[in-house]
């Protein structure tokens with residue numbers, strides 16, 4: 477009987493230890509960090525059809541170590557990617573959904589390229605995003621329906637694409653009087669720049 481008890485007790489401790497290891501592994505895997513930023517950037521690059529030589533991001537180094545177009549915060553806290561500027565590099569391909577994992581991103585500038593496909597819905601996870609410029613590409617499809625999640629957005633430029641859909645009026649809290657958007661969303665006043673082409677999206 478004692479032997480059976482010790483066997484069951486040993487098995488129980490083994491199971492608890494295994495579950496603890498699994499929980500710790502899962503937790504460490506999902507906590508956003510410079511590692512998850514790096515993985516998101518590498519995924520973005522892999523979806524491109526012709527990454528230029530200047531985009532030679534070394535997977536063995538940190539994104540904050542002079543990666544082209546990558547800006548990291550330098551406030552003494554743990555490093556995170558806060559800006560990505562890959563404008564006018566002739567990029568072709570689609571925008572990787574992994575871009576939504578750059579959780580500290582404040583500025584995304586991909587204008588003047590040849591990007592296609594739709595805006596990934598994961599982009600609206602970037603609640604710190606202040607500036608989004610995707611103008612002068614060949615992006616198609618509808619705007620993500622939950623663009624209103626981008627509460628910090630001040631600059632939005634989608635001109636020169638082929639997108640359709642509705643821009644929620646609650647995307648920001650205000651825009652300048654006299655603008656074309658003000659007629660549709662009179663409560664908006666914080667946008668600094670708002671750009672669309674002649675096929676501009678409709679407003680809710």
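Residue numbers (the numbering used here): 477 to 680. Ideal placement from N, C-alpha and C gives every residue a C-beta, glycine not left out. The model shown is predicted, which means the values in this text are computed figures rather than measured ones.
Query raised in the report: Would you call the segment 565-577 and the segment 599-607 in contact, with 3 or more CB pairs under 8 Å?
Result: yes
Query raised in the report: So, helix, strand or coil for residue 599, using DSSP?
Result: helix
Query raised in the report: Expressed to the nearest angstrom, what Euclidean distance is found between the alpha-carbon atoms of residue 636 and residue 531?
Result: 24 Å
Query raised in the report: With burial defined as no fewer than 16 other Cβ atoms inside 10 Å of the residue's Cβ, what is the status of residue 615: buried or exposed?
Result: buried
Report task. Would you give the residue range spanned by the beta strand (DSSP E) that residue 560 belongs to? Result -> 557-561
**Report entry** Beta-carbon proximity list for residue 516, same chain, < 7 Å, skipping 5 on both sides
**Finding:** 574, 575, 577 and 578
Query raised in the report: Buried or exposed: where does residue 539 fall if 16 or more other Cβ atoms within 10 Å of its Cβ makes it buried?
Result: buried
**Report entry** Where residue 535 falls, given that 16 or more other Cβ within 10 Å makes a residue buried
**Finding:** exposed
Report task. Provide the residue(s) that pair with residue 569 in DSSP beta bridges, ordered along the chain. Result -> 524 and 591
Requested in this report: Kindly say whether residue 623, judged by its beta-carbon, lies nearer than 8 Å to any beta-carbon of chain B.
Outcome: Reference to chain B is not applicable here, since this structure consists of a single protein chain.
Query raised in the report: Taking just the CA atoms, how far does residue 520 sit from residue 514?
Result: 10 Å
**Report entry** Nearest residue (CA-CA) to residue 569, options 590, 623 and 511
**Finding:** 590
Query raised in the report: In the structure shown, what three-state DSSP assignment does residue 614 receive?
Result: coil
Query raised in the report: Closest by CA to residue 509, which one among 585, 528, 581 and 563?
Result: 581
**Report entry** For residue 587 and residue 565, the rounded distance between their alpha carbons
**Finding:** 9 Å
Query raised in the report: According to the neighbour-count rule (16 or more other Cβ atoms, all chains shown, within 10 Å of its Cβ), is residue 537 buried or exposed?
Result: exposed
Query raised in the report: Do residue 622 and residue 603 come within 8 Å of each other at the CB atom, strictly closer than that value?
Result: no
Report task. Return the first residue and the last residue of the beta strand (DSSP E) that residue 607 is part of. Result -> 607-609
Report task. Have a look at residue 549 and residue 524 and give me their C-alpha separation to the nearest angstrom. Result -> 26 Å
Query raised in the report: Is residue 544 helix, strand or coil by DSSP?
Result: coil
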